[in-house]
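In terms of numbering that gives the first Met the number 0, the sequence shown is residues 0 to 371.
These notes concern the structure reproduced below.
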Amino acid sequence: MLKKARSFNSRFLKVVKWIGVVVVGLIMALIMVIGIARISTYTSNRINTANGVDEGVYVTLGGQEQYLLIRGKDIDNPVIIWLHGGPAGPDAYTNYVFQQQLIDSYTVVNWDQRGCGRTYFRNIDRDPNNETATFEQTQIDLDDLVNYLCEHFKKDKVIIIGHSYGTAVGSQYAITHPDQVAAYIGVGQLVSFDSEVYSYEDALQKAIASGDDTSAMEFAYQEFLDDKTLMNMLKLRGQVSEYHISEKSDNNNTPWFAIKSPYMGIDDIRWFLKQVESTEDFISLNKNLFDYIMGIDVREYGMNYQVPVGFISGSDDWTTPVKYTSDYYDLITAPEKQMQLIDGCGHYPQYEDPESFCETLETMLNSLVEYY
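Written as structure tokens, this is what we have:
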């Protein structure tokens, strides 16, 4: 009996040992795959021109050190500031996916806005609860950033491009600081979250036409109407999103873009984990910004732009619905304005179809900036 027990224990230990070897082997293989992917991405995105720039730096904006990733093959080219969405959704480390097609003609500046990403961790001792991260302060920070870049790169003006929430930041700045903006481009232009009702009504009709049970969707909608909080909006979006899947949504493989990115660092990972660990805690940390956007209406900033304006939307964008962007486009005045749709894309055309997005963007910029 004792021999059988020893024999069993021996076999069991061997099995555990081999399982351990396999697990370690798989981990090492995964690390190698990621390492090779990052090296490959770095090699294909490397900037080695004599007058180029490819650097991550911290610059003091609004009294706080904030992170910039600046890339371009010739610093004499026009400067683009890319304003990420969210709020608090930094994307500097994944934007190489489309910006690689822009850096021949532009110097592109990615910015982790106050209260998120690397900027948050740089200032966590001074502002751990993001008390200074407000929309109004972001406007001040952006103005400091524009002034810094104009001085640093010897420019009179910059191009502002915002995505999603970043279009609210960019729209107000372009309206209030026309002397410093060569052109403003809104990608997935945000207008108002009243659009959630429009999106719901469209999804409801599609669900009814498909014979689907709509009770959960209708309940989430009523909750949103009764209490228009961000959590209730996200619950409603969770119900309607399956009826608004873009044709090219599978191309937006953001996690893989991040994993193989040579621009992703520890603080980027730490911020991502904050976003996914607890939605409630994440919203609480960024309460000032989220409270602001729930009542936002970009039309209240004014309808008269004194700079050229362009809007680019995915044809299947229901996060910032095309109808709302189009109606806003018809209302605004500008020296020159254009609106283009990227077929088959949703809210992230820059990731879903980067080639078409960049072709559209460059054509638009060539026209708008030349006009100006």
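Glycine residues also receive a C-beta, built at the ideal position from the N, C-alpha and C atoms.
- Secondary structure within the stretch 319 to 350: the beta strand (DSSP E) runs of 3 or more consecutive residues, fully enclosed, are 336 to 341 (chain order).
- Counting only residues of its own chain and dropping the five nearest sequence neighbours on each side, threonine 278 has a CB closer than 8 angstroms to the CB of Met230, Leu233.
- Using a C-beta cut-off of 8 angstroms, the stretch 117 to 126 makes contact with the stretch 259 to 276, since at least three inter-stretch Cβ pairs fall below that distance.
- Here tyrosine 172 is actually not in contact with glutamine 136; their C-beta atoms are around 13 angstroms apart, not less than 8 angstroms.
- Under the three-state reduction of DSSP output, alanine 181 falls in the strand class.
- Here methionine 216 is actually not in contact with glutamine 188; their C-beta atoms are around 26 angstroms apart, not less than 8 angstroms.
- For isoleucine 158, the closest C-alpha among the options Thr359, Trp317, Thr319, Gly309 is that of Gly309.
- Residues Cys149, Asp178, Gln179, Val180, Ala181 of the same chain have their beta carbon placed closer than 8 angstroms to that of lysine 156, with the five preceding and five following residues left out of the count.
- With a cut-off of 8 angstroms on Cβ pairs, the stretch 345 to 352 is in contact with the stretch 242 to 261, counting three or more such pairs.
- In its chain, beyond the 5 residues on either side, His83 have a beta carbon closer than 6 angstroms to the beta carbon of aspartate 90.
- Within the stretch 56 to 105, the complete beta strand (DSSP E) segments at least 3 residues long are 63 to 71, 78 to 82, listed from N- to C-terminus.
- Spanning the alpha carbons of serine 198 and proline 86 requires a straight line of approximately 20 angstroms.
- Secondary-structure assignment with DSSP links histidine 162 through a beta bridge to Val186.
- DSSP places valine 306 outside both helix and strand once states are collapsed to three, so it counts as coil.
- In this structure, the alpha-carbon of cysteine 357 lies about 21 angstroms from that of threonine 48.
- Residue pairing for glycine 313: DSSP places it in a beta bridge opposite Ile341.
- Judged by beta-carbon spacing, isoleucine 160 lies beyond the 8 angstroms limit of methionine 363, meaning their Cβ atoms are not closer than that value.
- CA-CA distance, isoleucine 69 to aspartate 143, rounds to 16 angstroms.
- Rounded to whole angstroms, the gap between the alpha carbons of isoleucine 46 and aspartate 73 is 10 angstroms.
- Annotation for threonine 278: the continuous alpha helix (DSSP H) segment containing it runs 278 to 284.
- When Glu130, Glu222, Ala167 are compared, the shortest CA-CA separation from tryptophan 81 is found for Ala167.
- Restricting attention to Cys115, Asp53, Thr106, Val58, the CA atom closest to the CA of lysine 273 is found in Cys115.
- Only residues of its own chain outside the window of five on either side were considered, and among them Lys234, Leu235, Gln238 have a CB closer than 6 angstroms to the CB of alanine 219, listed in chain order.
- Sequence-distant partners of glycine 55 (beyond 5 residues in either direction) whose C-beta falls short of 6 angstroms from its own C-beta, in its chain, are Leu68.
- Secondary structure note for alanine 132: it is in no alpha helix (DSSP H), with a DSSP letter that is neither H nor E.
- DSSP, read as helix, strand or coil, puts serine 191 in strand.
- By the Cβ criterion, the stretch 278 to 291 is not in contact with the stretch 307 to 322, since fewer than three pairs of Cβ atoms, one from each stretch, lie closer than 8 angstroms.
- Residue nearest to tyrosine 323 within the set Ile311, Ala333, Pro334 is Ile311 (criterion: CA-CA distance).
- In the DSSP assignment, aspartate 225 falls within the alpha helix (DSSP H) that extends over 214 to 225.
- Asparagine 76 and glutamate 335 have their C-alpha atoms roughly 22 angstroms apart.
- Rounded to the nearest whole angstrom, the CA to CA distance from valine 58 to glutamate 351 is 31 angstroms.
- Under the 10 Å beta carbon count, glutamine 204 is surrounded by fewer than 16 other beta carbons and is classified as exposed.
- In the DSSP assignment, threonine 253 falls within the unbroken alpha helix (DSSP H) covering 253 to 258.
- Within the same chain, no Cβ atom closer than 6 angstroms to the Cβ of aspartate 126 is found once the five residues on either side in sequence are excluded.
- Bounds of the alpha helix (DSSP H) holding threonine 118 are 116 to 121.
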